[in-house]
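Scroll down for the structure; my scribbles are underneath it.
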Amino acid sequence: MKKISLFSIIAIAIFVSVSPLVAQEEMTREEWQTQMATYKAKQAELQAELLKLNAEIEELKTQSTKLDADITACEDALYALLGVTRAEVEAFEKELTQMENRIAELQRMSDAELVNYKDELVRMDARAKEMAKSKICMIPRYNDRVNALRQKITALLNSIQKEKTYTVGTWAKDRDCLWNIAKKKDIYANAWMWPKIWQGNRDKIKDPDIIKPKWVLKIPEGKELSKEEKSAANKYYRQKASVSSPE
Amino acid sequence: MNKINNLLIITSLLIGGLVVSGCSSSPSAEELKQLNDLKASVQALEKQVGEKKSEKAGLEKQVAEKNGKLQQCQSDQEIVKKGLGK
Numbered sequence: 001m002k003k004i005s006l007f008s009i010i011a012i013a014i015f016v017s018v019s020p021l022v023a024q025e026e027m028t029r030e031e032w033q034t035q036m037a038t039y040k041a042k043q044a045e046l047q048a049e050l051l052k053l054n055a056e057i058e059e060l061k062t063q064s065t066k067l068d069a070d071i072t073a074c075e076d077a078l079y080a081l082l083g084v085t086r087a088e089v090e091a092f093e094k095e096l097t098q099m100e101n102r103i104a105e106l107q108r109m110s111d112a113e114l115v116n117y118k119d120e121l122v123r124m125d126a127r128a129k130e131m132a133k134s135k136i137c138m139i140p141r142y143n144d145r146v147n148a149l150r151q152k153i154t155a156l157l158n159s160i161q162k163e164k165t166y167t168v169g170t171w172a173k174d175r176d177c178l179w180n181i182a183k184k185k186d187i188y189a190n191a192w193m194w195p196k197i198w199q200g201n202r203d204k205i206k207d208p209d210i211i212k213p214k215w216v217l218k219i220p221e222g223k224e225l226s227k228e229e230k231s232a233a234n235k236y237y238r239q240k241a242s243v244s245s246p247e
Numbered sequence: 248m249n250k251i252n253n254l255l256i257i258t259s260l261l262i263g264g265l266v267v268s269g270c271s272s273s274p275s276a277e278e279l280k281q282l283n284d285l286k287a288s289v290q291a292l293e294k295q296v297g298e299k300k301s302e303k304a305g306l307e308k309q310v311a312e313k314n315g316k317l318q319q320c321q322s323d324q325e326i327v328k329k330g331l332g333k
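Chains as they are written, first to last, in our numbering: chain A, 1 to 247; chain B, 248 to 333.
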């Protein structure tokens, strides 16, 4: 009997110690209670945070609306001081922005490409000068922008107005004559453009058949001969023709 | 003596059984659903809080920019007044 009671006690002990291990596979009530409490606390915390955030957002929206009104009032007062309308300022701003964008495009071009836009740059320069005199330019931010624009236009104009030159070599070594110089790839790559060099250097070249070594010749810009250059060339050809075929 | 022993064993088994069953009882399906609903609600709240935080950040940036614009306008006004000699 003693054996039986000892066995019973051992059996109970084993049952008691093993039961919780088996139960761990599923959620226990205690775990459920703990998780419920944790999530409820988290829920309450988040709800409070949400309420606070909603209140802060509303406050910010109110501030933003008030600021809009303050800015409009301030700008109206500023424009009234200058005697200009909001529409005029907006038109000025639009034009200025367009010019800034165009200049940014032109700045990306090479000097050779830029030469084709010289007239546009000259027009923009004139317009920027007019804009600088506008009352709207008394507003510092517009004044700064117009000045920056003018500086960029000037820099672009300077870069295309840089005079290209060519130093004449010898006939024996370089075969330099106006025809051959104009034919060079880095000059005009077109021999028929020689009159442009001649007309651009009338101070040195009296006779286009005679150029002297070490002369520094200006190479005028352009892809075509001007009316005057064509006329000078035709006169030269006629003279040559009359000399080569005397009556 | 034997009777006492048997009684002791039975009592121990009963108490042990009660204790063990009490400690390891699982939550009911209803209770588990309650927990899952609570978890889903917390997740939804976390999402909402995240969205509100970004909305707030955007508004704060907007307000800061507008404050800067207003200050700039006020400063412009002063400069223009000086320029006009007013």
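All C-beta atoms in this analysis are idealised placements derived from N, C-alpha and C, irrespective of residue type, glycine included.
Measure from the alpha carbon of residue i to the alpha carbon of each residue in the options, then state which is nearest.
i, options, result
"A/GLY254", "A/LEU50, A/GLU224 and A/ILE139", "In the structure displayed, chain A extends from 1 to 247; residue 254 of chain A sits before or after that span and is not available."
"A/ASN158", "A/ASP144, A/TRP198, A/ALA191 and A/ALA112", "A/ALA112"
"A/TRP171", "A/ILE205, A/TRP194, A/ILE211 and A/LEU50", "A/ILE211"
"A/ARG123", "A/ALA233, A/MET99 and A/GLN107", "A/MET99"
"A/GLU93", "A/GLU224, A/VAL146, A/LYS185 and A/GLU30", "A/VAL146"
"A/THR154", "A/SER134, A/ALA126 and A/ASP176", "A/ALA126"
"A/LEU217", "A/GLU229, A/ALA48 and A/LEU178", "A/LEU178"
"A/GLU90", "A/LEU51, A/CYS137, A/GLN161 and A/ASN190", "A/CYS137"
"A/TRP198", "A/GLY222, A/ASP144 and A/ALA233", "A/ALA233"
"A/TYR142", "B/GLY332, B/GLN319, B/LEU331 and B/LYS329", "B/GLN319"
Just verifying my parser: in three-state terms, what is the DSSP assignment at residue i?
i, result
"A/THR154", "helix"
"A/VAL168", "coil"
"A/LEU21", "Confidence at A/LEU21 is low in this model, with a pLDDT of 46, below 50, so the placement of that residue should be treated as unreliable; the coordinate-derived value is given next. DSSP places A/LEU21 in helix when its eight states are reduced to three."
"A/LYS218", "strand"
"A/THR65", "helix"
"A/LYS223", "coil"
"B/CYS320", "helix"
"A/SER110", "coil"
"A/GLU26", "coil"
"B/ILE326", "helix"
"B/ALA276", "helix"
Residues in its own chain within less than 7 Å of residue i by CB, not counting five upstream and five downstream?
i, result
"A/LEU67", "none"
"B/SER322", "none"
"A/ILE187", "TYR166, ILE181 and ILE219"
Spatial neighbours of residue i within its chain, please: CB distance less than 6 Å, with the 5 preceding and 5 following residues excluded, ordered by chain position.
i, result
"A/GLN63", "none"
"A/MET193", "ALA182"
Under 8 Å by Cβ, that's how I've got residue i and residue j pegged, so tell me the actual separation to the nearest angstrom.
i, j, result
"B/VAL289", "A/GLN43", "5 Å"
"B/LEU279", "A/TYR39", "That pair is no contact at about 13 Å."
"A/ALA128", "A/ARG102", "Contact flag wrong, Cβ pair sits at about 11 Å."
"A/LEU81", "B/VAL327", "5 Å"
"A/LEU60", "B/LEU292", "A/LEU60 to B/LEU292, Cβ: 21 Å. No contact."
Leaving out the 5 sequence neighbours to the left and right, which residues in its chain are closer than 8 Å to residue i when beta-carbon positions are compared?
i, result
"A/GLN107", "LYS152 and LEU156"
"A/LYS185", "none"
Contact set between the stretch 292-304 of chain B and chain A, restricted to residues whose Cβ is under 7 Å from the partner: LEU292, GLU293, GLN295, VAL296, LYS299, LYS300, GLU302 and LYS303
Residues, ordered as in the chain, of the stretch 133-167 of chain A that lie near chain B by beta-carbon distance below 8 Å: Flagged, chain order: MET138, ILE139, PRO140 and ARG141.
Interface positions of the stretch 272-286 of chain B facing chain A (Cβ-Cβ less than 8 Å), listed along the chain: SER272, SER273, PRO274, GLU278, LEU279, GLN281, LEU282, LEU285 and LYS286
Residues of the stretch 22-44 of chain A with Cβ closer than 7 Å to any Cβ of chain B, in chain order: ALA23, GLU26, MET27, THR28, ARG29, TRP32, GLN35, MET36, TYR39, LYS40, LYS42 and GLN43
Residues of the stretch 68-84 of chain A whose Cβ lies closer than 8 Å to any Cβ of chain B, in chain order: ASP68, ASP70, ILE71, CYS74, GLU75, ALA77, LEU78, LEU81 and LEU82
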